[in-house]
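Below is one structure, written out as structure tokens, with a few remarks after it.
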Amino acid sequence: MPTKVQYPLVAGDKGLVDDSTSRVSPAIAFIAGWLIPGAGHLLLGKWIRAALLMASIVGMFAIGIALQGKIYSANTGEPLDMLGFAGDLGSGILYGLARFLGWGQAPVLVAVADYGTKFIVVAGLLNIVAAVDAHSLASGRKRT
Amino acid sequence: MTISHFSAVLLFSLFTSVVFGITQRAEPKMMMRFGAYCFVLFVGGTIAASWVMWLIKH
């Protein structure tokens, strides 16, 4: 008597992924989203989300720079500075632009400038969250 | 550029809430609801913490 083969219904099973899953590679969506805020969602055709994410992250970064916030660099030897650097690095190309143009290198002298430093770090962290969301959309882990 | 402390709170809350709303919910309606919820919590939490600090000082 032939036995019927039953496959386990587990997350990630090919049979459970619908056809609407994007053709964009999840890794490409993540890297694009990290380098340019909102670009991961743009590749996936989520125009409004991409525009809102870009406006929010770039806006936050720009306000941080305008408030004379500090841009961290690697290898300062201070553990907190290294954490700040990791956060700043999340901004992708914005961080490279800031380093290239010498933004955020002045010493922090006023309280509002310290807010600016936090704005820049949080913009980087939010960009990582947005890039991970683009990855989830591309892989089908997040449906819409 | 200089802004007041409260303006900084409002800007921080706005940008962060937009990103949280988009990334943490799947449906547009729920995104807006969650974003608004985060905004209110950010601003309300800051005002509450400010009053607590004022009470401790006085």
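Chains as they are written, first to last, in my numbering: chain A, 1 to 144; chain B, 1001 to 1058.
All C-beta atoms in this analysis are idealised placements derived from N, C-alpha and C, irrespective of residue type, glycine included.
Mind checking if residue i is an interface residue toward chain A, Cβ cutoff 8 Å exclusive?
i       : result
F1039/B : no
V1043/B : no
I1003/B : yes
A1036/B : no
L1010/B : no
A1026/B : yes
F1006/B : no
Go ahead and pull the three-state DSSP assignment for residue i.
i       : result
S1050/B : helix
L1055/B : helix
A1026/B : coil
G12/A   : Any reading at G12/A needs caution, since the residue's pLDDT is 43, under 50, leaving its predicted position unreliable; the model's value is listed next. Reduced to three states, the DSSP call for G12/A is coil.
K142/A  : coil
L101/A  : helix
S1004/B : coil
L126/A  : helix
Pick out whichever of the options has its Cα sitting closest to the Cα of residue i.
i       : options                               : result
S56/A   : I1003/B, I1022/B, A1026/B and H1005/B : I1022/B
G1035/B : G1044/B, M1053/B and S1013/B          : S1013/B
M1059/B : M82/A, V122/A and I63/A               : There is simply no residue 1059/B to check, as chain B begins at 1001 and stops at 1058 in what is shown.
S1007/B : F1042/B, A1026/B and F1020/B          : F1042/B
R143/A  : S1017/B, M1032/B, R1025/B and V1040/B : R1025/B
V24/A   : G40/A, M60/A and W34/A                : G40/A
M60/A   : D88/A, D133/A, W34/A and F119/A       : F119/A
M54/A   : D81/A, A123/A, R141/A and V132/A      : A123/A
Should residue i be flagged as near chain B, meaning a C-beta pair shorter than 8 Å?
i      : result
G140/A : no
T157/A : This structure cannot speak to residue 157/A, because chain A is shown only from 1 to 144.
Where are the alpha helix (DSSP H) runs, 4 residues long or more, that stay fully inside the region 14 to 80 of chain A, in chain order? Runs of the alpha helix (DSSP H) inside the region 14 to 80 of chain A: 26 to 35, 39 to 43 and 47 to 66.
Please list the residues of the region 59 to 70 of chain A that have a C-beta atom closer than 7 Å to any C-beta atom in chain B, keeping them in chain order. G59, M60, I63, A66 and L67
Scan the region 126 to 138 of chain A for residues whose Cβ lies nearer than 7 Å to a Cβ of chain B and list them as they occur along the chain. Residues of the region 126 to 138 of chain A with a C-beta less than 7 Å from any C-beta of chain B: L126, V129, A130 and D133, listed in chain order.
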